[in-house]
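Q:
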Amino acid sequence: SIEGEENLRSPICCIMGHVDSGKTKLLDCIRGTNVQEGEAGGITQQIGATYFPAENIRERTRELKADARLKVPGLLVIDTPGHESFTNLRSRGSSLCDLAILVVDIKAGLQPQTIESLNLLRMRNTEFIIALNKVDRLYGWQTCKNAPIVKSLKQQPKDVISEFNVELKKVKNQFQEQGLNTELYYKNKEMGETFSIVPTSAVSGEGVPDLLLLLVQWAQKTMVEKLTYVDEVQCTVLEVKVIEGHGTTIDVVLVNGELHEGDKIVVCGLQGPIVTTIRALLTPHPMKELRVKGTYLHYKEIKAAQGIKITAQGLEHAIAGTALHVVGPDDDLEAIKESVMED
Ligand code: GTP
Ligand code: MG
Ligand code: NA
Numbered sequence: 239s240i241e242g243e244e245n246l247r248s249p250i251c252c253i254m255g256h257v258d259s260g261k262t263k264l265l266d267c268i269r270g271t272n273v274q275e276g277e278a279g280g281i282t283q284q285i286g287a288t289y290f291p292a293e294n295i296r297e298r299t300r301e302l303k304a305d306a307r308l309k310v311p312g313l314l315v316i317d318t319p320g321h322e323s324f325t326n327l328r329s330r331g332s333s334l335c336d337l338a339i340l341v342v343d344i345k346a347g348l349q350p351q352t353i354e355s356l357n358l359l360r361m362r363n364t365e366f367i368i369a370l371n372k373v374d375r376l377y378g379w380q381t382c383k384n385a386p387i388v389k390s391l392k393q394q395p396k397d398v399i400s401e402f403n404v405e406l407k408k409v410k411n412q413f414q415e416q417g418l419n420t421e422l423y424y425k426n427k428e429m430g431e432t433f434s435i436v437p438t439s440a441v442s443g444e445g446v447p448d449l450l451l452l453l454v455q456w457a458q459k460t461m462v463e464k465l466t467y468v469d470e471v472q473c474t475v476l477e478v479k480v481i482e483g484h485g486t487t488i489d490v491v492l493v494n495g496e497l498h499e500g501d502k503i504v505v506c507g508l509q510g511p512i513v514t515t516i517r518a519l520l521t522p523h524p525m526k527e528l529r530v531k532g533t534y535l536h537y538k539e540i541k542a543a544q545g546i547k548i549t550a551q552g553l554e555h556a557i558a559g560t561a562l563h564v565v566g567p568d569d570d571l572e573a574i575k576e577s578v579m580e581d
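The sequence shown lines up with residues 239 to 581 when you count with full-length UniProt numbering.
1. Quick check for students: name the residue ranges of the alpha helix (DSSP H) that lie wholly in the region 492-576, counting only runs of 4 or more.
2. Report the start-end ranges of each alpha helix (DSSP H) in the region 315-403 that is 4 residues or longer and not cut off at the edges.
3. For Ile253, verify whether its CB is less than 8 Å away from any heavy atom of the ligand NA.
4. Just to confirm, are Gln551 and Ala306 a CB contact at a threshold of 9 Å?
5. Rounded to whole angstroms, what is the Cα-Cα separation between Tyr289 and Asp336?
6. I need the straight-line Cα distance from Leu508 to Val441, nearest angstrom please.
7. Taking Cβ positions, are Val341 and Ile250 nearer each other than 9 Å?
8. Could you give the DSSP three-state label for Pro447: helix, strand or coil?
9. Measure how close the beta-carbons of Gly500 and Thr515 come, nearest whole angstrom, since I'm counting them as under 8 Å.
10. Tell whether a beta-carbon distance below 9 Å holds between Ser390 and Glu444.
11. By alpha-carbon positions, which one of Ala518, Arg517 and Lys541 ends up nearest to Val491?
12. Using the Cα positions of Pro437 and Tyr534, report the straight-line distance between them to the nearest angstrom.
13. What residue from His498, Ser434 and Leu465 has the CA that sits closest to Glu539's CA?
14. What is the residue span of the beta strand (DSSP E) that Thr420 lies within?
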């Protein structure tokens with residue numbers, strides 16, 4: 239079809255895996271940020287969201303494929319914690335996404351929360367790609383900064399390739415034990431049946447172009463229906479936070495539809511439904527993490543998919559993980575208030 243004919247929204251991709259497999263570091267590598275180093279104990283404790291515009295993805299994947307056609311406006315990536323105590327946040331993240339990246343530490347292989355994440359994704363029939371991360375930790379690895387992975391592998395000494403193959407085989411066997419066929423993505427002839435593995439390093443950026451391009455191309459090729467923009471608002475509250483100068487705010491993921499300053503909204507609250515009006519719609523700058531304090535861009539209106547900070551009165555008792563509803567001119571407010579509390 240002709241470019242522009244399809245009205246696609248940005249795919250929402252959740253990044254999941256065991257604690258310290260490198261999820262946040264991979265996002266830092268793509269963003270050019272240092273979020274991971276600022277985390278208490280190096281542990282992610284909240285769901286995050288980062289918007290990557292298509293132009294940045296094109297830039298990052300140029301060496302891999304110069305003429306890649308990106309039909310989506312961008313990619314919204316949801317970061318999740320891997321620590322065992324945050325199962326609820328992994329579940330919330332995975333319930334929002336169109337597809338996912340499952341991060342596996344190449345030296346550690348499958349770990350308890352890798353398997354838990356895998357099962358959450360399978361439960362919802364969510365497609366995912368495996369990032370086999372920390373390849374730079376293979377003994378003797380020759381770094382080739384930000385290179386496509388095939389180029390980088392070609393430069394490795396023989397014994398590094400042997401070690402890589404041993405670790406790869408181990409991980410493939412562990413996935414097989416979970417009932418999954420896996421293969422290096424560039425050898426995978428049956429995506430959808432066999433899960434693709436992209437070797438990556440969040441430190442050197444190797445394999446990151448491959449990961450980005452595979453995600454976007456796969457999403458826009460196989461999920462056109464799911465990604466076709468619809469007006470009906472679908473929006474979930476991620477976090478409730480007090481922000482200096484803004485009072486209590488909610489971080490939301492807008493999956494579909496459009497929000498406007500001044501919209502009347504209803505969210506689920508501890509003491510009953512909260513009916514309020516959007517005072518401000520804020521986002522971090524593109525390629526910046528929503529959960530990290532920074533400067534915000536203000537919008538009069540904003541279209542899905544996006545991670546957004548909403549300021550409004552009366553949000554103190556809002557409950558994370560529940561749906562946000564917009565009250566239209568013809569809507570029955572009482573009915574919406576009831577349905578909001580069913581979450
Ligand atoms: P949680 O969110 O707490 O579950 O962890 P995470 O999966 O986000 O991992 P994180 O990004 O916090 O990385 C954990 C540690 O591994 C940090 O010290 C990173 O610097 C390191 N690390 C992550 N990716 C790589 C990589 O590709 N190579 C190397 N050498 N170290 C990495
Ligand atoms: Mg993290
Ligand atoms: Na960590």
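Even for Gly, the Cβ is constructed at its ideal location relative to N, Cα and C.
A: Taking the definition as stated:
1. Scanning the region 492-576 from its first residue to its last, no whole alpha helix (DSSP H) run of 4-plus residues comes out.
2. 325-334, 350-361 and 387-392
3. no
4. no
5. Going by C-alpha positions, Tyr289 is about 15 Å away from Asp336.
6. For Leu508 and Val441, the distance between alpha carbons rounds to 42 Å.
7. no
8. Look at Pro447 here: in three-state DSSP terms it is helix.
9. 6 Å
10. Their beta carbons are under 9 Å apart, which means Ser390 touches Glu444 by this criterion.
11. Out of Ala518, Arg517 and Lys541, Lys541 has the C-alpha closest to the C-alpha of Val491.
12. 34 Å
13. His498
14. Thr420 -> beta strand (DSSP E) spans Thr420 to Leu422.
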